[in-house]
Amino acid sequence: MNYIITTIISACFLLFSVFVVPYNDIEKAFNTGNAAKIMELGTSKVLISIEGEEGAYSKSQGTQVLTNFFKNNPPKSFIFKFKGNEEGPSAFAVGEYQSTTKLFRVSFKLKEVNKNYFIESLVFTVATSE
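Under the numbering used here, the first residue of the sequence shown is numbered 1468, with each subsequent residue one higher.
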């Protein structure tokens, strides 16, 4: 009987923990300017758009693009402003990336692949004053 209860409880924990968007990992990577970690959290090709210049990049190419971005815009802070629904085939989030010189709005589209969410696209736009 204990085995059955343990199995059911374990299955419930597994089901609830399966579909988790790696928000904490993304936030930490942006705060430290870790381009490789961001791309590690991406699909095999990631659409990256920085101030209107965009392309679909492999992990190694995307790492170079983001490394260059962080070099030109060193991190000061990053925080998520909106985290979308974490159910279904995709999720959406919006964050604010403060560099030492500019404030960027970063839009994320995440795709569920084999019960894990990966970054499918990143769009950086300079935030305007409100």
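Just so you know, even glycine gets a beta-carbon here, dropped at the ideal spot from N, CA and C.
Val-1488 is not bridged by DSSP to any residue. According to the DSSP assignment, Leu-1533 belongs to the alpha helix (DSSP H) that extends over 1526–1539. For Ala-1503, the enclosing alpha helix (DSSP H) stretches over residues 1502–1507. Taking C-alpha positions only, Phe-1547 is separated from Tyr-1564 by approximately 9 Å.
At a Cβ-Cβ threshold of 9 Å, Val-1573 and Gly-1555 do not count as neighbours.
Judged by beta-carbon spacing, Phe-1585 lies within the 9 Å limit of Thr-1510, meaning their Cβ atoms are closer than that value.
The shortest C-alpha to C-alpha distance from Asn-1501 to any of Ala-1558, Asn-1540, Ala-1594 is the one to Asn-1540. In this structure, the beta-carbon distance from Leu-1514 to Val-1590 falls below 9 Å. Across the structure, Tyr-1490 and Lys-1578 are spaced so that their CA atoms are roughly 13 Å apart.
In this structure, Lys-1512 sits near Tyr-1524, with a CB-CB distance shorter than 9 Å.
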